[in-house]
Amino acid sequence: MEYFLTIIVMIAIFIILAASYNLVIGYGGLATVAHPIFYALGAYTSALLAIHQGWHPIICVLAGVLVAGVASILLALSALRVSGDYLLISSLGFQLGLLQVIRNFEFTGGAGGLSGIPSTIIGAARTPMFLVICGGLAILTVMFIAWIVRGPYGRAITAMRDEELAFSTLGRNAMSMKVAIFALGCGIAGMAGGLYAYYFQYVSPDQFDILQTVAILTMVVVGGMGTTIGPVIGAVILIAVPQAITFLNLPPNVMAPLQGIIFTTLVLVVMFLRPTGLVGGRSLTSSH
Amino acid sequence: MSTILRTEGLYKAFGGIVVADNINVTINAGEILGLIGPNGAGKTSLFDLISGVIKPDAGRIFLGAEQIDAQALYRRARTGIARTWQNMLLFRSMSVMENLLIAPRHYPGESIFGLVLASGRVRAAEHAARERALSILARMDLSAAAEVMVTDLPFGHQKLIGLARTLMNDGALLLLDEPMAGVEGTVYETMQRVVREEAASGRAVCVVEHNISFIKDLCTTAVFMAQGKIMESGSVDKLLASKVLTELYFGV
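As given, the protein sequences belong to chains V and H, one line each in that order.
So the first sequence is numbered by this note's numbering: it starts at 646 and just counts up by one.
So the second sequence is numbered by this note's numbering: it starts at 4 and just counts up by one.
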């Protein structure tokens with residue numbers, strides 16, 4: 646039972662990650678691959694504050710959101726000043742470089758990671774409590790993003806993606822909108838990091854490497870980029886399916902490659918049959 | 004007549020190509036100034052300089068009494084420069100109404116903070132923008148197209164929507180880049196009427212146009228450009244009578 650609940654907590658955390666990544670890359674059209682590093686910044690900030698300062702978890706998680714948000718603004722301001730294309734390269738450097746820094750500092754626990762994050766909720770109710778908190782925040786995140794992208798703000802985002810030059814010439818500040826979307830998305834990833842740190846009480850650099858970008862991006866793309874519910878479906882499928890296979894009781898030397906094959910097949914099939922994702926409507930790039 | 008736009012000694016070069024060489028232009032309230040010249044004369048570049056798409060290497064630009072050449076692109080629109088594009092640059096994945104709603108000078112809904120903290124103000128602005136959009140569409144006999152996807156409209160109507168979107172900006176200066184290219188019939192007449200009405204309401208209008216008859220119908224004054232320079236300016240009749248200019252323009 647504990648195992649099931651843990652999987653659901655993981656699904657909730659990845660819904661938050663996929664939804665926020667979708668805000669940045671799907672709605673905002675900002676090509677970044679650095680989402681895991683903001684997830685890491687949130688996780689490490691919360692963990693370090695919890696361990697050394699013993700502050701209230703809400704404060705620690707909010708501090709993680711703040712650190713991730715501020716770091717993302719620094720990246721966005723430097724990369725987006727030149728051109729949107731530079732964000733891809735800068736974010737890659739940011740992701741790889743900052744993770745190396747985390748791997749090599751002593752206070753972050755180095756490559757071995759950081760353990761001893763205090764348990765805030767103790768007893769049998771711990772996992773169900775986390776499930777409620779993470780699930781609740783996942784729902785809030787999805788609803789908040791849905792609210793943002795509807796109405797005047799969403800219209801502005803769509804217009805910016807359609808024709809940035811016309812958008813700016815009409816008096817809209819594209820740069821500040823991009824930075825705001827980026828900071829919001831990355832700040833939310835920081836929140837996911839804080840939840841992760843408190844639930845597992847252990848963080849290590851390997852959990853935040855560039856492969857996580859691939860995983861989160863796959864969730865967004867398979868579910869449906871630029872849709873509200875797509876990232877939710879993507880996160881559920883891509884966390885649940887690999888777990889479900891473990892119940893087949895296959896030997897480990899078959900299991901590992903099988904998971905990879907199923908994963909890849911799933912992506913290929915979805916991309917072939919529904920290029921805009923499982924719930925995606927019209928294509929984001931065509932004129933509709 | 005009050006001066007709306009004044010440029011002083013505008014200069015811009017891309018490498019060895021000079022697109023604006025000592026450009027001094029003045030446009031008054033209510034005036035419709037024609038900007039004519041062969042392809043590559045620097046007409047659109049002058050629009051780019053005025054609206055802020057490119058920055059001048061030298062020279063100054065004033066909108067009313069305010070010097071605007073250091074202002075960012077989006078700020079100049081808020082100061083009061085409204086501009087259309089040769090190829091329209093409409094927001095393709097949006098309806099006509101959405102294209103218009105995005106375009107007022109002030110749009111509090113573009114800030115997340117505004118959205119969260121001042122939702123009442125955002126709603127009021129939305130309401131006012133919708134009213135304005137409907138009245139502009141009505142003037143163009145396009146009320147029925149309000150909820151149509153902009154890409155589903157015929158080309159001429161898309162041209163009108165390009166103008167309509169720009170008119171959502173109630174600023175003092177209107178820059179129209181080839182509004183008549185590919186346009187005929189009733190759309191032509193509507194375009195002409197609306198541009199006249201805008202000038203009559205006190206806006207300064209500048210039109211880049213190859214359609215000489217449109218310029219003759221609409222403008223009293225014109226500026227002839229070639230190779231980034233102003234060759235001559237004055238009344239349209241005087242310009243069209245000038246032999247040097249017709250040679251430059253038509254190459255005869």
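Every residue, glycine too, gets a C-beta built ideally from N, C-alpha and C.
In this text, all values refer to a predicted model and were calculated from it rather than measured experimentally.
Where residue i sits in the DSSP three-state scheme
i              : result
S204 (chain H) : coil
I784 (chain V) : helix
K58 (chain H)  : coil
V22 (chain H)  : strand
R63 (chain H)  : strand
I84 (chain H)  : strand
A121 (chain H) : coil
L8 (chain H)   : strand
Y648 (chain V) : helix
T249 (chain H) : helix
Q70 (chain H)  : strand
Interface flag, residue i vs chain V, CB-CB below 7 Å
i              : result
E101 (chain H) : yes
I64 (chain H)  : no
L92 (chain H)  : yes
S236 (chain H) : no
I115 (chain H) : yes
A106 (chain H) : yes
R206 (chain H) : no
R133 (chain H) : no
A80 (chain H)  : yes
S146 (chain H) : no
R86 (chain H)  : yes
S122 (chain H) : no
V125 (chain H) : yes
6 Å CB neighbourhood of residue i in its chain, flanking five on each side removed
i              : result
I884 (chain V) : M655, I656 and F659
G159 (chain H) : V186 and V190
K162 (chain H) : V186
A202 (chain H) : G33, I35 and V208
A837 (chain V) : I658, I661, L662 and Y684
S928 (chain V) : Since pLDDT at S928 (chain V) reaches only 46, below the 50 mark, its modelled position is unreliable, and the value read off the structure follows with that caveat. The answer, listed in chain order, is T921.
Interface flag, residue i vs chain H, CB-CB below 7 Å
i              : result
R800 (chain V) : yes
N667 (chain V) : no
H933 (chain V) : Per-residue confidence for H933 (chain V) stands at a pLDDT of 36, beneath the threshold of 50, marking its modelled position as unreliable; the derived number appears in the next sentence. True, the Cβ-Cβ gap to chain H drops below 7 Å.
P935 (chain V) : Residue coverage of chain V in this structure runs from 646 to 933, which leaves residue 935 (chain V) outside it and unanswerable.
D807 (chain V) : yes
P920 (chain V) : no
A885 (chain V) : no
A825 (chain V) : yes
G761 (chain V) : no
R726 (chain V) : no
G830 (chain V) : no
N818 (chain V) : yes
Contact with chain A by residue i, beta-carbon distance below 7 Å
i              : result
S813 (chain V) : Of the protein chains in the structure, V and H, none is chain A.
8 Å Cβ shell around residue i - same chain, five flanking residues per side excluded
i              : result
I826 (chain V) : L668, V669, Y672, G673, L675 and I802
A791 (chain V) : T873
I652 (chain V) : I884, A885 and Q888
Chain-ordered neighbours of residue i on chain H, where CB pairs are closer than 7 Å
i              : result
M822 (chain V) : E113
A804 (chain V) : F94, M97 and I105
G796 (chain V) : G112
Chain-ordered neighbours of residue i on chain H, where CB pairs are closer than 8 Å
i              : result
I793 (chain V) : I115 and L118
L719 (chain V) : Correct list: empty, because the minimum Cβ distance to chain H is about 19 Å.
Close beta carbons around residue i, own chain, < 7 Å, minus the five adjacent residues each side
i              : result
A692 (chain V) : L759, I762, A842 and V848
Residue i: contacting residues in chain V (beta-carbon distance under 8 Å)
i             : result
L76 (chain H) : S813 and T814
Residues that residue i contacts on chain H, provided the C-beta gap is smaller than 9 Å
i              : result
Y810 (chain V) : Rather than Tyr, the amino acid found at residue 810 (chain V) in this sequence is Leu. Those within 9 Å of L810 (chain V) in chain H are V56, L76, W88 and L92.
Contacts that residue i makes with chain V (C-beta to C-beta distance below 7 Å)
i              : result
E129 (chain H) : P797
Q: Mind listing, in chain order, the continuous alpha helix (DSSP H) runs of no fewer than 4 residues lying wholly within the segment 131-192 of chain H?
A: Runs found: 158-170.
Q | Any alpha helix (DSSP H) of 4 or more consecutive residues that is wholly inside the segment 844-923 of chain V | A | Runs of the alpha helix (DSSP H) inside the segment 844-923 of chain V: 855-868, 875-890 and 897-918.
Q: Could you tell me which uninterrupted alpha helix (DSSP H) segments, each at least 4 residues in length, are contained entirely in the segment 748-827 of chain V, listed from first to last along the chain?
A: DSSP runs (the alpha helix (DSSP H)) wholly in the segment 748-827 of chain V: 771-794, 796-807 and 809-814.
Q: At 3 residues or longer, and completely inside the segment 670-719 of chain V: list those beta strand (DSSP E) runs for me, N to C.
A: With a minimum length of 3 residues, no continuous beta strand (DSSP E) run stays inside the segment 670-719 of chain V.
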